[in-house]
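**Q** Residue numbers (our numbering): 23 to 306.
Okay, handing you the structure first.
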């Protein structure tokens, strides 16, 4: 079992474009593919900040050709667990031969109950099983880890699991130890996003800031080990919360530099973990 490392449209959130901070020339689908290739990677995840269903057939075709040319595997992502969106992206999974659809359940004005989530997922399980596509539900700030585990257990299908994000659940007042301890058994995709937490100079509160992956407060080495020991093939996607520097272009440049460092750090961790596993296997 090998953990493949890749980047995401959320590795370059500022370059793709954040509400209120749109670059003059936003990073698009083709640029992301080229960046993946330049970094020597063979995995790309495109999330809801760059919705591929809004691209023309011609642009989608060009993207598929580039992915095939470079030997890059594509994973897709949506926000809003709705039948119309799921159906549209299952078609895109077929088009790109994608094996994973990462899903953020909620969107603005839409927060389905646990029972509604379970019903929707169960309705789609047969089609995803038939296509060999896995749904990865991402932990976010509304639902607790135990609620997500309950949902996955109720759906009870190998085609539905968890996209484990290392930082999102802070919004639900849950740290990585709690989230990983609860959700690793169901994890089908990993978002490696590192952070630092520091007390404000006033001493009245804390500030959470994104850092270069592997250089923050999260124990990525231990997380990679625990996920790899779970027995499923889980890809690792670098995501970033690069702090705004006060200048958009400088922030985009910093984001790109941090990505290179983060990829280097994560690849070393992954290589080390699987070297240890290989070594242990050889002694048996």
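By construction, the Cβ of each residue, glycine as well, lies at the ideal position given by its N, Cα and C atoms.
Values in this document were obtained by computation on a predicted structure and should not be read as measured data.
Give a yes or no on contact between the stretch 133 to 147 and the stretch 165 to 179, applying the rule of three or more CB pairs nearer than 8 Å.
**A** Yes: at least three Cβ pairs fall under 8 Å.
**Q** Using three-state DSSP, classify residue 231 as helix, strand or coil.
**A** In the chain shown, the residue the question calls residue 231 occupies position 209. Strand.
**Q** Can you tell me the Cβ-Cβ gap for residue 134 and residue 103, rounded? I've got them flagged as a contact below 8 Å.
**A** Along the chain shown, read from residue 1 onward, the residue named residue 134 stands at position 112. Along the chain shown, read from residue 1 onward, the residue named residue 103 stands at position 81. Contact flag correct, Cβ pair sits at about 6 Å.
**Q** DSSP beta-bridge partners for residue 95?
**A** Numbered from 1 along the chain shown, position 73 holds the residue referred to as residue 95. Answer is 65.
**Q** Sorted by chain position, which residues of the same chain lie with C-beta nearer than 6 Å to residue 94's C-beta, five sequence neighbours on each side aside?
**A** Here the question's residue 94 lines up with position 72 in the chain shown. Within the same chain, residue 94 has close Cβ partners 58, 64, 66.
**Q** Do the CB positions of residue 240 and residue 217 come within less than 8 Å of each other?
**A** Within the chain shown, the letter at position 218 stands for residue 240. Within the chain shown, the letter at position 195 stands for residue 217. For residue 240 and residue 217, yes; Cβs fall inside 8 Å.
**Q** Report yes if the C-beta distance between residue 122 and residue 158 is below 8 Å; otherwise report no.
**A** Numbered from 1 along the chain shown, position 100 holds the residue referred to as residue 122. Numbered from 1 along the chain shown, position 136 holds the residue referred to as residue 158. A contact, by the Cβ cut-off of 8 Å.
**Q** Under 8 Å: do the stretch 192 to 199 and the stretch 260 to 273 share three or more Cβ pairs, one atom per stretch?
**A** In short, these stretches do not touch, since the Cβ pair count stays below three.
**Q** Select from 98, 138, 130 the residue whose C-alpha is nearest the C-alpha of residue 119.
**A** As a working note, residue 119 is residue 97 in the chain shown. Residue 119 has its Cα closest to that of 98, out of 98, 138, 130.
**Q** Give every residue of the same chain whose Cβ lies closer than 6 Å to the Cβ of residue 187, excluding the five residues on either side of it in the sequence, and list them in chain order.
**A** Looking up residue 187 in the chain shown gives position 165. Cβ within range, chain order: 160, 161, 213.
**Q** Residue ranges of each beta strand (DSSP E) run of no fewer than 3 residues wholly in the stretch 90 to 172, ordered along the chain?
**A** Runs found: 95 to 101, 122 to 126, 156 to 160.
**Q** Tell me, please, whether the stretch 277 to 287 touches the stretch 27 to 34 by the rule of three or more beta-carbon pairs shorter than 8 Å.
**A** Flag = yes, the stretch 277 to 287 and the stretch 27 to 34 touch.
**Q** Please name the residue in 117, 209, 166, 68 whose C-alpha comes closest to that of residue 256.
**A** Translated into the one-based positions of the chain shown, residue 256 becomes position 234. The candidate whose alpha carbon is nearest that of residue 256 is 209.
**Q** Helix, strand or coil for residue 265, going by three-state DSSP, please let me know.
**A** Residue 265 sits at position 243 when you count from the first residue of the chain shown. Residue state, collapsed to three classes: coil.
**Q** Determine the contact status of residue 192 and residue 140, defining contact as a CB-CB distance below 8 Å.
**A** Taking the chain shown and counting its residues from 1, the one referred to as residue 192 is at position 170. Taking the chain shown and counting its residues from 1, the one referred to as residue 140 is at position 118. Their beta carbons are not under 8 Å apart, which means residue 192 does not touch residue 140 by this criterion.
**Q** According to DSSP, simplified to helix, strand and coil, what is residue 243?
**A** As a first step, residue 243 must be located in the chain shown, where it is residue number 221. Residue 243 falls in the helix class under three-state DSSP.
**Q** Report yes if the C-beta distance between residue 35 and residue 48 is below 8 Å; otherwise report no.
**A** As a position in the chain shown, residue 35 is number 13, starting the count at 1. As a position in the chain shown, residue 48 is number 26, starting the count at 1. In this structure, residue 48 does not lie closer than 8 Å to residue 35 by Cβ.
**Q** Helix, strand or coil: which one does DSSP assign to residue 30?
**A** As a working note, residue 30 is residue 8 in the chain shown. It is a strand residue.
**Q** Under the three-state reduction of DSSP, which class applies to residue 189: helix, strand or coil?
**A** If you number the chain shown from 1, residue 189 lands on position 167. Coil at residue 189, not helix or strand.
**Q** Hey, would you say residue 247 sits closer than 8 Å to residue 277, going by beta carbons?
**A** Taking the first residue of the chain shown as 1, we reach residue 247 at position 225. Taking the first residue of the chain shown as 1, we reach residue 277 at position 255. Against a cut-off of 8 Å, the Cβ pair of residue 277 and residue 247 comes out as no contact.
**Q** Taking the C-alpha atoms as reference points, what is the distance between residue 152 and residue 211?
**A** As a working mapping, residue 152 is identified with position 130 in the chain shown. As a working mapping, residue 211 is identified with position 189 in the chain shown. Between residue 152 and residue 211, the C-alpha separation is close to 20 Å.
**Q** Give the C-beta separation of residue 77 and residue 55 to the nearest angstrom, bearing in mind that I take them to be a contact with Cβ-Cβ under 8 Å.
**A** Counting from 1 along the chain shown, the entry for residue 77 is found at position 55. Counting from 1 along the chain shown, the entry for residue 55 is found at position 33. Contact doesn't hold; Cβ gap of about 12 Å is too wide.
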